[in-house]
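For the record, the sequence lines run as chains A and B.
Residue numbering for the first sequence follows this note's numbering, beginning at 2 and increasing consecutively.
Residue numbering for the second sequence follows this note's numbering, beginning at 2 and increasing consecutively.
Even glycine gets a Cβ: it sits at the ideal position worked out from N, Cα and C.
Since the model is a prediction, treat every value here as computed from it, not as a measurement.
Structure first, commentary second.
Protein chains: 2
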Amino acid sequence: MSTARERILEATGELLATKDALAISTRAICDRAKVGAPEIYRQFGDKQGLLTAVADIGFERFLAEKRRNPLTEDPVADLRTAWDSHVAFALRNPYLYRLMFTPTGDAKPQAIKEAQAILLKAVERCRDAGRLLMAPELAGQSILSANVGVCMMALSFPELFGDPAVSPAVRDAVIGTVTGDEREDDRLGTATVLAQVLVGTLTGTAPVTGTALDDLTRALRPPAIGPSDIGPSDIGPSDIGPSD
Amino acid sequence: MSTARERILEATGELLATKDALAISTRAICDRAKVGAPEIYRQFGDKQGLLTAVADIGFERFLAEKRRNPLTEDPVADLRTAWDSHVAFALRNPYLYRLMFTPTGDAKPQAIKEAQAILLKAVERCRDAGRLLMAPELAGQSILSANVGVCMMALSFPELFGDPAVSPAVRDAVIGTVTGDEREDDRLGTATVLAQVLVGTLTGTAPVTGTALDDLTRALRPPAIGPSDIGPSDIGPSDIGPSD
DNA sequence: TCCGCCGTGTTAGCGCTGTTATCGTGGGAC
DNA sequence: GTCCCACGATAACAGCGCTAACACGGCGGA
Numbered sequence: 002m003s004t005a006r007e008r009i010l011e012a013t014g015e016l017l018a019t020k021d022a023l024a025i026s027t028r029a030i031c032d033r034a035k036v037g038a039p040e041i042y043r044q045f046g047d048k049q050g051l052l053t054a055v056a057d058i059g060f061e062r063f064l065a066e067k068r069r070n071p072l073t074e075d076p077v078a079d080l081r082t083a084w085d086s087h088v089a090f091a092l093r094n095p096y097l098y099r100l101m102f103t104p105t106g107d108a109k110p111q112a113i114k115e116a117q118a119i120l121l122k123a124v125e126r127c128r129d130a131g132r133l134l135m136a137p138e139l140a141g142q143s144i145l146s147a148n149v150g151v152c153m154m155a156l157s158f159p160e161l162f163g164d165p166a167v168s169p170a171v172r173d174a175v176i177g178t179v180t181g182d183e184r185e186d187d188r189l190g191t192a193t194v195l196a197q198v199l200v201g202t203l204t205g206t207a208p209v210t211g212t213a214l215d216d217l218t219r220a221l222r223p224p225a226i227g228p229s230d231i232g233p234s235d236i237g238p239s240d241i242g243p244s245d
Numbered sequence: 002m003s004t005a006r007e008r009i010l011e012a013t014g015e016l017l018a019t020k021d022a023l024a025i026s027t028r029a030i031c032d033r034a035k036v037g038a039p040e041i042y043r044q045f046g047d048k049q050g051l052l053t054a055v056a057d058i059g060f061e062r063f064l065a066e067k068r069r070n071p072l073t074e075d076p077v078a079d080l081r082t083a084w085d086s087h088v089a090f091a092l093r094n095p096y097l098y099r100l101m102f103t104p105t106g107d108a109k110p111q112a113i114k115e116a117q118a119i120l121l122k123a124v125e126r127c128r129d130a131g132r133l134l135m136a137p138e139l140a141g142q143s144i145l146s147a148n149v150g151v152c153m154m155a156l157s158f159p160e161l162f163g164d165p166a167v168s169p170a171v172r173d174a175v176i177g178t179v180t181g182d183e184r185e186d187d188r189l190g191t192a193t194v195l196a197q198v199l200v201g202t203l204t205g206t207a208p209v210t211g212t213a214l215d216d217l218t219r220a221l222r223p224p225a226i227g228p229s230d231i232g233p234s235d236i237g238p239s240d241i242g243p244s245d
């Protein structure tokens, strides 16, 4: 038999799979945990304390999931992967996610700082690779804010904001701007398209390859970027230009 | 003397200025509104109905405030103005804002559709001006999602996300990417810089002017844009190229 | 004038909630 | 043994959302 505290946490987590946190009664938790009513208060002080503990455990799962994402040599791509896993977690655990990111009252989960710290590290990897256009702290806050917004709207208004295209759009907008990577999903960035057409037009030849342009783009970036290893972009020249 | 319904709504709104919606008891509302306890249920069905009504009224104020923003000839700038007024409203009415944008249970305010419709119109103005790179619906959802995310994080975790630089950063990232306006605060967009330097390099002349490039950019945009009135951009040629 | 209707005020109460006090019990430490 | 402490069980508290029942008063129609 597990300890009372564990059973309470587990029971709350299970109920949180189907109900909003505030719609869960302490008695329902105690029934499911096979625990007397006062046990919650002995262990967590009050219901809010229990919910905060559950939120912190949720953050642990959340972060463990993120840590499982392997780091590649492209820190910007890692940023996108982290965004997507964030969204996936939110959609998979809607009530837990709301508990974690929209705390009630003044009992905020501490673990969000850890989440921010991890994101900050990922952003700093971008900066070290010369692929960040602003302060890492600001970049991290911007990315996380937008990421949470996409999730909250998808959860709160699924019929209006559940379109799966929204997340990639915002993701590429924020991460792209923050890092200077203009790439989006099906479309090359304006800069690349424009430049390629321009080059083709002015030289009277076919458009140049994406890789060469990519290097040129990097070379023309504003200062404050280290030399670092610039790998070839995965922007291929195949799908260039207006599709029609 | 006003009607009972009005007094209840007003009292709830006043209490909402200092307390979270769920922390407000129906009895406190009735006391303040000088109304018997059953009156709430006669007027609104239940507490949730009352809160939804209050949220809808909040949306009316929210939208009225947005409608007061005059339309300029630059629809993208109008988009930014709308973003800023959104954030200002959220910070000025934290509890009301949370009630509006993170509804509990399945009683969602209807007025959010109207908010989305207004935003959609603003986005369509950008499209008509040839300054939109994606479907207006997707653009509107992206902007509103990010906008709400910035507000929610600033409200929920002010010490971590209250930095006033976050909102402009996310705003310019999302709106800039969605519209193709790469302008940020102090820096010209990558596209413009790249193109201008390219043209200058390839033609062996000085960089071309911003206006000419701007027209060229528009002409090279993906399809689905009307001819419409293309005014001169406010990107001047004065501060072109890497500043160093 | 009388009637019925309707919006409103009043009282009492139901079942549920979070929370606490109280007591009992069982097992490990000294 | 005995002390202590984590845990279980019961009962109770005040407050909550919500409802039933009734009383009052103004107002249009018969």
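Here DSSP, grouped into helix, strand and coil, assigns B:V55 to helix. Look at the stretch 119–150 of chain B: the residues with a C-beta under 9 angstroms from a C-beta of chain A are L134, M135, A136, E138, L139, A140, Q142, S143, I144, L145, S146, A147, N148, V149, G150.
B:S26 and B:L72 have their C-alpha atoms some 42 angstroms from each other. Shown in chain order are the members of the stretch 165–180 of chain A whose Cβ falls below 8 angstroms from a Cβ of chain B: A166, V167, A170, V171, D173, A174, V175, G177, T178, V179. At least one CB of chain A lies nearer than 8 angstroms to the CB of B:T105. Pairing A:G37 with B:I30, the inter-Cα distance amounts to about 34 angstroms. Boundaries of the alpha helix (DSSP H) harbouring A:V88: 76–93, taken from the DSSP string.
Taken through DSSP and simplified to helix, strand or coil, B:K67 comes out as helix.
DSSP, reduced to helix, strand and coil, places B:S3 outside both helices and strands of the structure shown, so it counts as coil. Cβ neighbours of B:P95 within its own chain (closer than 6 angstroms, five residues either side excluded): L156. Residues of chain B with a Cβ closer than 7 angstroms to the Cβ of A:F162 are, in chain order, Q142, S146. Inclusion of B:F60 and B:A12 in the CB contact set at 8 angstroms is not warranted, their separation being larger than that value. Going by C-alpha positions, B:F162 is about 11 angstroms away from A:K114. Chain order gives the chain A residues near B:Q117 as L161, where near means a beta carbon separation below 8 angstroms. The beta carbon of B:K114 falls within 8 angstroms of a beta carbon belonging to chain A, placing the residue at that interface. When CB distances to chain B are screened at a threshold of 9 angstroms, the residues of the stretch 8–34 of chain A falling below it are D21, L23, A24, in chain order.
Burial of B:S146 is indicated by the presence of at least 16 other C-beta atoms within 10 angstroms of its C-beta. Among the residues of chain B, those whose CB is under 8 angstroms from the CB of A:K109 are S157, F158, following chain order. Counting along the chain, the unbroken alpha helix (DSSP H) around A:D32 starts and ends at 27–34. Here the alpha carbons of A:P76 and A:Q49 stand approximately 38 angstroms from one another. In this structure, the alpha-carbon of B:T178 lies about 48 angstroms from that of B:R33. Per DSSP, reduced to three states, the secondary structure at A:F60 is helical. Here A:A56 has L100, M101, P110 as same chain residues with Cβ atoms under 6 angstroms from its own Cβ, once five neighbours each way along the sequence are excluded. At a C-beta separation below 8 angstroms, A:F60 has no neighbours in chain B, since its nearest C-beta there lies roughly 13 angstroms away. A straight-line Cα-Cα distance of about 36 angstroms links B:W84 and B:A5.
Flagged as an interface residue toward chain A: B:F102, by a C-beta distance shorter than 8 angstroms.
The stretch 128–137 of chain A makes no contact with the stretch 123–131 of chain B; the number of CB pairs closer than 8 angstroms stays below 3. Unbroken alpha helix (DSSP H) runs of no fewer than 4 residues, entirely contained in the stretch 101–152 of chain B, are found at 112–129, following chain order.
Assigned with DSSP and collapsed to three states, B:A155 falls in helix. Here B:D173 carries a helix assignment [DSSP, helix/strand/coil]. Minimum Cα-Cα distance from A:R69 among the listed residues A:R93, A:S86, A:V124 corresponds to A:S86. Per DSSP, reduced to three states, the secondary structure at B:P165 is coil, with no helix or strand assignment. Out of B:L17, B:I119, B:I176, B:P137, the CA that lies nearest to the CA of B:A65 is found in B:I119. B:K48 sits in a helix when the DSSP states are folded into three classes.
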